[in-house]
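Report on one structure; see the data block that follows.
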Amino acid sequence: MLEKCKEEGATVIDFGCCLGQDVRQFVYDGVPLDQIRGYDLDPFFIEQGYELYRDGEVMKEKKIFAAGSILDDQFLDGIEPAD
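With the numbering used here as the guide, the letters of the sequence shown map in order to residues 209 to 291.
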């Protein structure tokens with residue numbers, strides 16, 4: 209999966225990302241931020257991830273994480289695609 213992202217430009221989407229540790233591991237492993245998105249139902253977990261990893265500024269700027277249900281059409285209409 210990592211090679212597909214790095215070599216072929218595939219996008220990583222983490223549904224139920226919680227604190228976003230898997231998303232951040234992909235970043236650490238060299239996947240560009242514009243190829244990664246993380247979604248969780250509870251914004252509390254996303255905010256806790258920003259605090260824990262101290263990367264809220266860059267993650268918010270790049271709109272890596274969003275809180276909402278992927279089953280909600282209004283939520284899906286409002287998110288920005290990766291790439």
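Using N, Cα and C, we set each Cβ at its ideal position, and we do this for glycine too.
In terms of Cβ geometry, I287 and G246 do not form a close pair [threshold 8 Å]. Taking the Cα positions, L284 is about 19 Å away from F252. Cβ contact annotation for K270 (same chain, cutoff 6 Å, sequence separation greater than five): L241, in chain order. I221 sits in a strand when the DSSP states are folded into three classes. The C-beta distance from D263 to I254 rounds to 12 Å, too long to fall under 8 Å, and the pair is not in contact.
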